[in-house]
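Residue numbers (this note's numbering), protein chains in the order written: chain A, 1 to 161; chain B, 1001 to 1128.
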């Protein structure tokens, strides 16, 4: 009987751990007050990828190569003090429980920004940004199969704009 | 000594009378000791963990929940935009936000580089 209990407990833990994702966090907080939420589905990304003149826009920054590899985007921006700490804790639990690696951390004048990626040397399968500012928490989660080189170039170009 | 046949012919009352005549003496305090032993046994039974009846039911419930999670289709959130161009604009904005936040780190790094370079520049000026 003990073995059965241990088995089911392990199964439940596994399911719980796998259930923790950007989608879960989005669904948990997206309807809260003072929270702006954006979700772009894989189907919508496929539609974006079919826009013919995608390369033209965005001030010489070519998003198309990255956008066509994306399969989900979750953005939460919370100015709700009563949920900010919970949102931050859930987001950190998510990246810590998954295979995410810290890409960058910056702390400046009370603002903390952490960026995480999961994948390998060539491909980014997931990107998470958690930004905590005075009374504001931003959570961005990108899923996909982004070429690391393209993603880094894109972010670098956006920074130089 | 009565034969077996004689014993079988005795009535119930006669048998009880015979038994009462030859009753063995009850040791002193036997009743008290029996009560104590029974009470101790009850206490020990109460303290012993019993296999809970709910465990099989709980296991079944967990298994059902796990199966439901695996089998039932997961309802995803609803798309924020219906128009791919608006969605594209939002994606671009998201990348801009990521870049802005990343620049917080690079600004700090740039400041640190300048600070670290100050002694080197000063030494260079002195040498010149």
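By construction, the Cβ of each residue, glycine as well, lies at the ideal position given by its N, Cα and C atoms.
Computed from a predicted model, the values in this text were never measured in an experiment.
DSSP lists A:133 as the bridge partner or partners of residue 136 of chain A.
Residue 73 of chain A is bridged by DSSP to A:40 and A:142. Between residue 1115 of chain B and chain A, the shortest Cβ-Cβ separation is not below 9 Å. For residue 78 of chain A, DSSP records a beta bridge to A:35 and A:137. Of the candidates A:42, A:92 and A:135, A:92 places its Cα closest to the Cα of residue 101 of chain A.
Proximity of residue 65 of chain A to chain B, defined by a Cβ-Cβ separation below 9 Å, is not satisfied. Within chain A, not a single residue places a beta-carbon under 8 Å from that of residue 1049 of chain B; the smallest gap is close to 12 Å. For residue 114 of chain A, there is no enclosing alpha helix (DSSP H); the enclosing beta strand (DSSP E) has its first and last residue at 111-119. Contacts between residue 51 of chain A and chain B, judged by CB atoms closer than 9 Å, involve 1084, 1085 and 1088 in chain order. Around residue 104 of chain A, the same chain offers 115 as residues with beta carbons nearer than 6 Å, after the five sequence neighbours per side are excluded. Within chain A, the residues whose beta carbon sits less than 8 Å from that of residue 1094 of chain B are 38, 73, 75, 140 and 142, listed in sequence order. With 16 or more other Cβ atoms from the protein chains shown falling within 10 Å of its own Cβ, residue 88 of chain A counts as buried. The residue from A:85, A:26 and A:138 with its alpha-carbon nearest to that of residue 1075 of chain B is A:26.
The alpha-carbon of residue 1111 of chain B is positioned some 59 Å away from that of residue 1058 of chain B.
Against residue 29 of chain A, chain B offers no close residue; the least beta-carbon distance is about 11 Å (beta-carbon pairs closer than 8 Å). When DSSP states are grouped into helix, strand and coil, residue 1097 of chain B belongs to the helix group. Around the beta carbon of residue 1126 of chain B, fewer than 16 other beta carbons lie within 10 angstroms, which makes this residue exposed.
Residue environment: residue 1013 of chain B is assigned as exposed (fewer than 16 neighbouring CB atoms within 10 Å of its CB, all protein chains considered). Sequence-distant partners of residue 124 of chain A (beyond 5 residues in either direction) whose C-beta falls short of 7 Å from its own C-beta, in its chain, are 117, 146, 148 and 151. DSSP links residue 126 of chain A through a beta bridge to A:118 and A:143.
If only uninterrupted alpha helix (DSSP H) runs of at least 4 residues are considered, those enclosed by the region 1007-1035 of chain B are 1012-1021. Distance from the CA of residue 153 of chain A to the CA of residue 1087 of chain B, rounded to the nearest whole angstrom, comes to 21 Å. In the structure shown, residue 102 of chain A falls within a strand segment according to DSSP collapsed to helix, strand and coil.
The Cβ atoms of residue 78 of chain A and residue 137 of chain A sit closer than 9 Å to each other. The three-state secondary structure of residue 1078 of chain B, taken from DSSP, is coil.
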